[in-house]
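Residue numbers (the working numbering): 31 to 529. Backbone N, C-alpha and C define an ideal beta-carbon position, used for all residues, glycine too. First the structure, in the form of structure tokens, and then the observations on it.
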């Protein structure tokens with residue numbers, strides 16, 4: 031059967047940066063207005079840290095939105111802004127299989143800088159602790175409540191925060207407030223919904239944060255940061271299900287070439303030995319639409335598990351046995367396909383599935399194993415597990431949670447007199463038609479849109495610059511500042527293999 035699942039993202043791509051011809055007003059003095067930028071501290075998650083292309087690395091950190099914003103603040107009395115830099119531009123931690131090197135575009139799709147012909151390897155140690163305090167307190171992987179969690183800076187907590195936490199039991203909020211900031215930014219909550227979404231809505235892998243938990247946590251964070259009338263800026267959350275991460279892999283991803291081995295198309299064999307018997311048995315049970323025969327000409331949908339379906343394992347096995355199939359084989363098929371169906375247009379396939387489609391199910395990598403070596407290809411002869419697919423009901427669930435989170439964020443901004451960035455509206459623009467600046471255009475389209483990096487979740491350098499400008503715009507509106515936007519044309523849309 032299929033030995034390798036072929037995935038070609040793009041045939042070719044030009045990364046030529048365009049110029050921003052927007053006219054920048056220079057005759058207005060740059061002032062802080064009623065704000066004081068002399069000691070700026072940024073709190074948040076991977077977006078604040080400058081995470082990009084699936085990793086944290088120096089160049090990405092330098093192009094984080096807080097770092098860009100600090101540069102804008104510097105023209106209006108802002109002070110030094112320090113960042114807990116990684117040790118290299120490779121990204122990830124040395125010897126870690128979880129925190130891996132960054133991706134780069136190799137001409138046909140994302141690749142890792144640690145892959146041949148490049149010999150770079152990560153040199154950042156998880157055990158090396160940085161001394162001093164840092165203005166950028168963006169913590170990759172952090173959910174809202176993690177900023178209040180004692181022990182988050184320990185070995186058992188978060189490896190990124192552990193590198194620079196004042197003590198293993200210190201909290202992020204305490205280390206931030208201890209610096210006596212005069213101004214702060216807080217953009218947190220993305221991982222409260224993102225972790226659940228990128229896990230395909232599987233709560234056993236990564237649960238969605240309850241709205242009551244988020245509400246209590248966020249109000250605590252905002253009130254502590256705004257103590258004494260301290261000024262700052264906060265941002266709400268976009269629907270994470272609009273990120274490019276969920277639109278690279280299509281529901282009908284299986285091309286005829288993917289179902290061809292050694293020049294021989296396998297569709298007829300698959301239909302005769304698997305899809306046909308399953309369709310007929312399911313049709314007998316009144317559920318024939320779950321699995322249909324594969325097309326011999328066009329693209330085909332993939333097999334997946336839908337936890338919302340009635341489990342037909344027992345009855346499916348019985349029907350298959352009644353049709354003449356031996357008991358062991360019928361039992362295996364019933365076990366595997368009791369809640370299976372083919373993907374449909376409203377399903378969102380996680381980008382993380384790209385490296386697993388067509389591969390042998392693995393308990394370590396996929397959370398499932400196959401009871402039969404004949405059912406050995408994820409999405410083709412074995413259904414994709416829940417963690418790789420977002421169902422329409424799960425998309426709706428995430429939307430409801432995000433709306434509730436955003437009500438809390440806006441209320442906290444109003445109650446504490448903080449500047450507010452409508453990040454949801456910005457993302458809606460990027461998705462619906464894009465944002466034009468001068469002679470160039472940015473959108474949420476994967477890779478070519480320019481706003482997002484190769485991981486499909488985190489912004490590109492130019493995307494982070496756009497965010498910094500939007501933060502500055504909100505600060506100007508709230509505090510009467512006259513911060514100037516940066517030229518987006520000066521920021522890359524993709525990082526090259528070598529930095």
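Three-way DSSP call (helix, strand, coil) for residue i in this model
{"i": "residue 505", "result": "helix"}
{"i": "residue 175", "result": "helix"}
{"i": "residue 156", "result": "coil"}
{"i": "residue 248", "result": "helix"}
{"i": "residue 514", "result": "coil"}
{"i": "residue 574", "result": "Nothing about residue 574 can be read from this structure; the chain reaches only from 31 to 529."}
{"i": "residue 90", "result": "helix"}
{"i": "residue 146", "result": "Model confidence at residue 146 stands at a pLDDT of 43, short of 50, so the residue's coordinates are unreliable; what they give is reported in the following sentence. DSSP places residue 146 in coil when its eight states are reduced to three."}
{"i": "residue 276", "result": "helix"}
{"i": "residue 358", "result": "helix"}
{"i": "residue 323", "result": "coil"}
{"i": "residue 267", "result": "coil"}
{"i": "residue 284", "result": "strand"}
{"i": "residue 522", "result": "coil"}
{"i": "residue 404", "result": "coil"}
{"i": "residue 238", "result": "coil"}
{"i": "residue 255", "result": "helix"}
{"i": "residue 243", "result": "helix"}
{"i": "residue 300", "result": "helix"}
{"i": "residue 115", "result": "coil"}
{"i": "residue 339", "result": "coil"}
{"i": "residue 456", "result": "helix"}
{"i": "residue 365", "result": "helix"}
{"i": "residue 120", "result": "coil"}
{"i": "residue 384", "result": "helix"}
{"i": "residue 227", "result": "helix"}
{"i": "residue 440", "result": "helix"}
CB contact check: residue i to chain B, cutoff 8 Å
{"i": "residue 191", "result": "Structure shown: chain B not included; a single protein chain is present."}
First through last residue of the beta strand (DSSP E) which encompasses residue i
{"i": "residue 215", "result": "213 to 217"}
{"i": "residue 166", "result": "166 to 168"}
{"i": "residue 451", "result": "449 to 451"}
{"i": "residue 133", "result": "133 to 135"}
Residues that residue i bridges to, as DSSP identifies them
{"i": "residue 379", "result": "419"}
{"i": "residue 471", "result": "466"}
{"i": "residue 371", "result": "334"}
{"i": "residue 262", "result": "214"}
{"i": "residue 294", "result": "291"}
{"i": "residue 74", "result": "168, 217"}
{"i": "residue 82", "result": "85"}
{"i": "residue 198", "result": "Bridge partners of residue 198: none, in fact."}
{"i": "residue 480", "result": "473"}
{"i": "residue 529", "result": "For residue 529, which the question treats as bridged, DSSP gives no partner whatsoever."}
{"i": "residue 496", "result": "Answer by DSSP bridge pairing: none, since residue 496 is not bridged."}
{"i": "residue 489", "result": "482"}
{"i": "residue 412", "result": "408"}
{"i": "residue 140", "result": "135"}
For residue i, the nearest candidate out of the options (CA to CA)
{"i": "residue 228", "options": "199, 363, 273, 217", "result": "273"}
{"i": "residue 446", "options": "253, 323, 160", "result": "253"}
{"i": "residue 527", "options": "59, 124, 461, 140", "result": "140"}
{"i": "residue 469", "options": "517, 482, 225", "result": "517"}
{"i": "residue 85", "options": "178, 190, 185, 250", "result": "190"}
{"i": "residue 495", "options": "482, 486, 506, 507", "result": "482"}
{"i": "residue 192", "options": "156, 406, 409, 132", "result": "156"}
{"i": "residue 114", "options": "123, 88, 467", "result": "88"}
{"i": "residue 60", "options": "71, 90, 104, 95", "result": "104"}
{"i": "residue 364", "options": "301, 309, 326", "result": "309"}
{"i": "residue 431", "options": "487, 128, 222, 305", "result": "222"}
{"i": "residue 257", "options": "448, 498, 471", "result": "448"}
Where the alpha helix (DSSP H) containing residue i begins and where it ends
{"i": "residue 393", "result": "393 to 396"}
{"i": "residue 98", "result": "95 to 104"}
{"i": "residue 192", "result": "189 to 192"}
{"i": "residue 310", "result": "306 to 314"}
{"i": "residue 352", "result": "343 to 352"}
Specify whether the stretch 506 to 522 and the stretch 114 to 128 touch according to this definition: at least 3 beta carbon pairs, one from each stretch, less than 8 Å apart. no
Is it the case that the stretch 160 to 174 contacts the stretch 98 to 114, given that we only count it when at least three CB pairs across the two stretches are under 8 Å? yes
Is it a yes or a no for the stretch 92 to 101 touching the stretch 483 to 502, going by three-plus beta-carbon pairs under 8 Å? yes
For the stretch 259 to 267 against the stretch 452 to 466, are there 3 or more C-beta pairs whose distance is under 8 Å? yes
Three CB pairs or more closer than 8 Å across the stretch 315 to 327 and the stretch 368 to 378: yes
When you compare the stretch 418 to 426 with the stretch 345 to 352, are there three or more beta-carbon pairs, one atom per stretch, that lie closer than 8 Å? no
Could you tell me whether the stretch 428 to 436 touches the stretch 238 to 252, where touching means 3 or more Cβ pairs closer than 8 Å? Output reads yes: the stretch 238 to 252 touches the stretch 428 to 436.
Would you call the stretch 63 to 76 in contact with the stretch 168 to 175, where contact means no fewer than 3 C-beta pairs closer than 8 Å? yes
Could you say if the stretch 297 to 314 and the stretch 388 to 401 meet the contact criterion of at least three C-beta pairs nearer than 8 Å? no
Touch check for the stretch 462 to 480 and the stretch 282 to 302: three-plus C-beta pairs under 8 Å? no
State whether the stretch 196 to 203 contacts the stretch 179 to 187, with contact taken as three or more CB pairs (one from each stretch) at a distance under 8 Å. yes
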